[in-house]
Amino acid sequence: MIGLYARRKLVDRISRVLMPFAAFIGLFFLAWILWISFSHGLSALRWDLFVNDTPPPGTDSYGMRNAFVGSLILIGMAMLLGIPVGLLAGTWLAEYGGQRRLARGVRFLNDIMLSAPSIEIGLFAYAILVDPLKHFSAISGSVALAMLMIPIVTRTTDEMLALVHADMRESAVALGAPMWKVISKITWKAARNGILTGILIALARISGETAPLLFTALNNQYFSLDPLRPMANLPVVIFQFAMSPYANWQKMAWAGVLIAICFILLLSIVSRLVLNRGTAKS
Amino acid sequence: MNVSGISAPESGGLVANASPAIARPNGRAMDFCFRHLAGGMAALVGLLLIATLAAIAWDSRLSIHTFGFGFLWSSEWNPVTGQFGALSFLVGTLVSSAIAMLLATPVSFGIAIFISELAPRRLKQPISSAVELLAAIPSIVYGLWGLLVFAPAFAQVEPWINDHLGTLPGIGPLFQGPPMGIGMLTAGIVLAIMVLPFITAIMRDVFIMTPAALKESAYGLGCTTWEVSRRIILPYTRSAVTGGIFLGLGRALGETMAITFVIGNSNTISASLLMPGASIPSVIANEFTEATTPLYLSSLIYLGLVLFGITLLVRLLAAWMLHSMKRGTPLRP
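As they're listed, the protein sequences go chains A and B. Take 212 as the starting number for the first sequence in the numbering used here and just add one per residue. Take 326 as the starting number for the second sequence in the numbering used here and just add one per residue.
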C-alpha cells in the first residue's frame, strides 16, 4: 500500500505524461496525413495533369484539367451566390437585428445550419434543382456549396460588425449620413479584415467538399463549361479515381489531394494573416 | 462564442432609429431598399434550415408512405425485391460514432488541459493551431489516407487485437474477426481523428475561461495539476464540455466521405467491430447515383431524413448545454 500523498503525486505524474502524449497523438496524425499527401502527391505530380483531360479507363495517360477548371467554376459560382447572401444577412443581424427575438432566432437557425452534415445539403440541392430539372448540373453543385458558405459568412460578418464601436456609427449618423452609407462606408470598412477572414474560411471549407457534389454536379469525363450539365470537379474525381483499380488513376488521386491540400492550407494561412493584421491595428 | 451580445443592443437600436429622420429623401429610399434587402437575406438564411428539412422530407414521401416507421427497425435492404430498412445503417452510424467519441473525448481533454495548464507559453499557440489544422483537411483526404495507408497498417495490428482483446470475457466477441484493415473500428478511429479538433477547440476555450482565482485557490491549498483539472476546471465547465462533445458527435454522425472509404460498405449487422459495416451517409454516397427505381431513391433520401433528425437532435442538445454554460452563475473571487 502506498500513502495518500504518494498516490496523489503518482496520479499527477501519470497525468503529466498522458496530457502531452494526447497532444502528441493529435500532432502525430496531422504529420502522418500531411506527409503521406505530400510524398504521394509530389511523386504523382506532372505537367500533363494541367494540360489533358481525365483519361478513359484502361489508358495510362495523365490529366485532370477538366476537374481543376470545373472545381474553380463551381467554387466561383458558389461565391457569387453565397457571399452576397451571407454578407447582407450578417449585416442585418448586427446592424438592424441586434438582440431582438427575431434576430436571435435567425442566429440560432444559422448556427444549426453551420453544423448540418454536408450530405444533407447535397440532398436538398438534389431535391430542389436536380429532381425538377431531371438532370445533374453544375449549378446545383454550386447552390449546395453556397449553402455551406452562407452560415459561415453570416456568422463571421455578424460577429465582426458587432465588434465595431458604436461611436463610429453615431459620428457618421451625426454628420447626416444615411444608414446604408454608414454601413457600406464605415462599419463594413472597419470590420473588413474580419469579414474577409470569414469568407476565406468558408472558401477553405467548400474547396474540399465532396459529399454534396456526388449527386449534384456529379462528374464529367470531358471538359465542360456548361453550368446546366454535369461538370468534372476535383473532389469527385479524387473519390472516383481512388476507388478504381488503375494505377495511374490512383496516382492522379494523390496528385489531386496534394493540390487540394495546398490550396486549403494557403487559404487558412492567408485568413490567419488577414485576421492578425486586422487585430494588430485595433 | 457569440460576441455580438456585447455591443449590439445599443448600436443596433440607437442608430437604426436615429437615421431615417436625418437622411435626405433619396437617402431614405436607398435606406429602405438596403434595409429590406438585408432583412430579406437574413430571412432567407433563417429559412434555409426549414427548407432543407422540408425538401428532404418531401422527396422521401414515397418511402415514408410505403414503409412508415417500420423503416427504422427493418434491416432488410434489398433493391431487387424493393424492401428497404434503415436498421443496419443506423447501427453502423451509431456504433462508428460511439467509437469515435470514446476515443476522441479523452484525447481532446488531454490536449485541452495541456494547452490551458501545462504547456509552456511558447508552445500553446502552435499546438492549438496544429490541432485546428486537422479540421481544415478535407474529409476525402482522410478517406484516401484511411483506405490506402492507415487500413493496411491497422491490418498488421488486428491479429494482436484478436489475440489479446478478443479473448477477454464479455467484450471479446467485439474484437474477433479477419484482419482486413477496413471495418467499423477503422471507421471509428478515422472519425475520432476528424472530430478531435472540434472537441479540443471548445474544451480549450472554456478551460481558459475558468476563473484564475478558482484555480489558484485550489493550487494554494496544495492541489496537484491533475486535481485542479479534474475537480475544479472540469466541474466548472461541465455543461460546455458536454456541449462540445455533442457538437463533435454531430460531426461524426454526418461524416460521409472518410467513412465511405474505410467502413467496408456491407449492409449486415455483425457483432465484431473488425467486420465491415455501412453508415447512413456512406450508403447514400455509394448508392445514390445507382438507385434505379423511384422507391429505392426515395428510401435513400428517407435515410437522409432519419440522419438529419438525429443530427438535429444532437445539435439542439449541444446548443442547450453550451447555452447553460454561458448563462451559468459566474463565480466571483
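The beta-carbon is built from N, C-alpha and C at its ideal position, and this holds for glycine as well. Values in this document were obtained by computation on a predicted structure and should not be read as measured data.
Exercise. Indicate the three-state DSSP secondary structure (helix, strand or coil) for A:Q461 in the structure shown.
Key: In the displayed model, A:Q461 falls within a helix according to three-state DSSP.
Self-check item: Spatially closest choice to B:G508 from B:G575, B:L598 and B:A368, by CA coordinates
Solution: The shortest C-alpha separation from B:G508 is found at B:L598.
Practice problem: Look at the alpha carbon of A:R218 and the alpha carbon of B:A382, and state the distance between them as a whole number of angstroms. | Solution: Taking the Cα positions, A:R218 is about 57 Å away from B:A382.
Practice problem: Could you work out which residues of chain B lie near A:V222, taking near to mean beta carbons separated by less than 7 Å? | Solution: Identification of chain B residues near A:V222 by a Cβ-Cβ cut-off of 7 Å yields W551, ordered along the chain.
Practice problem: On a CA-only basis, which of A:E331, A:F452, A:A415 and A:N431 is nearest A:A500? Give me that one, please. | Solution: Since the first residue shown for chain A is 212 and the last is 493, residue 500 of chain A is missing from the structure and cannot be characterised.
Quiz item: Counting contacts by CB-CB distance shorter than 8 Å, is B:G371 in contact with chain A?
Solution: Among the CB atoms of chain A, one or more fall inside 8 Å of the CB of B:G371.
Practice problem: Tell me, please, whether the CB atom of B:S464 is closer than 8 Å to any CB atom in chain A? | Solution: Taking Cβ atoms only, chain A reaches closer than 8 Å to B:S464, which makes this a yes.
Quiz item: Hey, out of A:G252, A:Y273, A:S250 and A:R227, whose CA is closest to A:W258's CA?
Solution: Residue nearest to A:W258 within the set A:G252, A:Y273, A:S250 and A:R227 is A:Y273 (criterion: CA-CA distance).
Quiz item: Under 8 Å between the Cβ atoms of A:L411 and A:S353?
Solution: Taking C-beta atoms as the reference points, A:L411 and A:S353 fail to come closer than 8 Å.
Quiz item: Just to confirm, are A:Y307 and B:R360 a CB contact at a threshold of 8 Å?
Solution: The answer is yes: Cβ separation under 8 Å.
Quiz item: Should the stretch 433-447 of chain B be regarded as contacting the stretch 475-485 of chain B, the criterion being three or more beta carbon pairs within less than 8 Å?
Solution: In this structure the stretch 433-447 of chain B does not touch the stretch 475-485 of chain B; the number of beta carbon pairs closer than 8 Å is below three.
Practice problem: Flag B:F409 as yes if its beta-carbon sits less than 8 Å from any beta-carbon of chain A, otherwise no. | Solution: By the rule that beta-carbons nearer than 8 Å mark a contact, B:F409 does not touch chain A.
Practice problem: Would you please verify whether the beta carbon of A:R488 is less than 8 Å from any beta carbon of chain B? | Solution: Output row for A:R488: interface = no.
Practice problem: Would you decide whether A:N487 is buried or exposed? Buried here means 16 or more other CB atoms lie within 10 Å of its CB. | Solution: When all chains shown are included, A:N487 counts as exposed.
Quiz item: Cβ of B:G352 less than 8 Å from any chain A Cβ?
Solution: Taking 8 Å as the CB threshold, B:G352 lines the interface with chain A.
Quiz prompt | Distance CB(A:T367)-CB(A:M379) smaller than 8 Å | solution = No. Outside cutoff.
Quiz item: Taking Cβ to Cβ, would you say B:S595 is nearer than 8 Å to B:L516?
Solution: In this structure, B:L516 does not lie closer than 8 Å to B:S595 by Cβ.
Quiz item: Listing by chain order, which chain E residues have their CB less than 9 Å from the CB of B:G575?
Solution: Chain labels in this structure do not include chain E; the protein chains are A and B.
Quiz item: Among the residues of its own chain, which have a CB less than 7 Å from the CB of B:Y561, if the five just before and after it don't count?
Solution: Closer than 7 Å at Cβ, skipping near neighbours: T535 and L539.
Exercise. To the nearest angstrom, report how far apart A:F347 and B:T585 are at their CA atoms.
Key: The straight-line gap from Cα to Cα measures roughly 22 Å.
Quiz item: Helix, strand or coil: how does DSSP classify B:N403 here?
Solution: Secondary structure of B:N403 (DSSP, three-state): strand.
Quiz prompt | Contacting positions in the stretch 461-478 of chain A - beta carbon closer than 8 Å to chain B | solution = Within the stretch 461-478 of chain A, the qualifying residues are Q461, A464, W465, V468, A471, I472, I475 and L476.
Quiz item: In chain order, what residues of the same chain lie with their CB nearer than 8 Å to the CB of A:D223, ignoring the 5 residues before and after it?
Solution: For A:D223, same chain residues with a beta-carbon under 8 Å away, outside a window of 5 residues either side, do not exist.
Exercise. Mind checking which residues open and close the alpha helix (DSSP H) that includes B:Q450?
Key: In this chain, the alpha helix (DSSP H) harbouring B:Q450 covers R446 to A461.
Self-check item: Whole-angstrom C-beta distance between A:S418 and A:A471, which should lie under 8 Å
Solution: Separation of the CB atoms of A:A471 and A:S418 is rounded to 6 Å, and the pair is thereby assigned contact status at 8 Å.
Quiz item: How far does the alpha helix (DSSP H) with A:H376 in it reach, from first residue to last?
Solution: Following the DSSP letters along the chain, one finds A:H376 in no alpha helix (DSSP H), marked with neither H nor E.
Self-check item: Range of the contiguous alpha helix (DSSP H) that encloses B:A610
Solution: For B:A610, the enclosing alpha helix (DSSP H) starts and ends at I605 to E612.
Self-check item: Any chain B beta carbon closer than 8 Å to A:D342
Solution: Yes, A:D342 counts as interfacial toward chain B.
Self-check item: B:I424 versus B:I518: straight-line alpha-carbon distance, rounded
Solution: Each residue's Cα considered, the two are about 11 Å apart.
Exercise. For B:D530, return the contacting residues in chain A, with the cut-off set at a CB-CB distance below 7 Å.
Key: Near B:D530 there are no residues of chain A at all, since even the closest Cβ is about 14 Å away, more than 7 Å.
Self-check item: Integer Cβ distance of B:L647 from B:A565, believed to fall under 8 Å
Solution: Their Cβ separation, rounded to whole angstroms, is 6 Å, which keeps B:L647 and B:A565 in contact under 8 Å.
Quiz item: Is B:G602 helix, strand or coil by DSSP?
Solution: Secondary structure of B:G602 (DSSP, three-state): strand.
Practice problem: State whether the stretch 447-459 of chain A contacts the stretch 622-637 of chain B, with contact taken as three or more CB pairs (one from each stretch) at a distance under 8 Å. | Solution: In this structure the stretch 447-459 of chain A does not touch the stretch 622-637 of chain B; the number of beta carbon pairs closer than 8 Å is below three.
Practice problem: For A:Y216, count neighbouring C-beta atoms within 10 Å of its own C-beta (all shown protein chains included) and say buried if the count is 16 or more, exposed if not. | Solution: Sixteen is the threshold: since fewer than 16 other Cβ atoms of the shown chains lie within 10 Å of the Cβ of A:Y216, the residue is exposed.
Quiz prompt | Near-chain B residues of the stretch 302-324 of chain A (beta-carbon distance less than 9 Å), N- to C-terminal order | solution = The stretch 302-324 of chain A vs chain B, Cβ under 9 Å: T302, W303, L304, A305, E306, Y307, G308, G309, Q310, R311, L313, A314, G316, V317, R318, F319, L320, N321, D322, I323 and M324.
Quiz item: Which residues in the same chain as B:I533 place their Cβ atom closer than 7 Å to its Cβ, once the five residues preceding and following it in sequence are excluded?
Solution: The beta carbon of B:I533 lies closer than 7 Å to those of S441 in the same chain, with the five residues before and after it left out.
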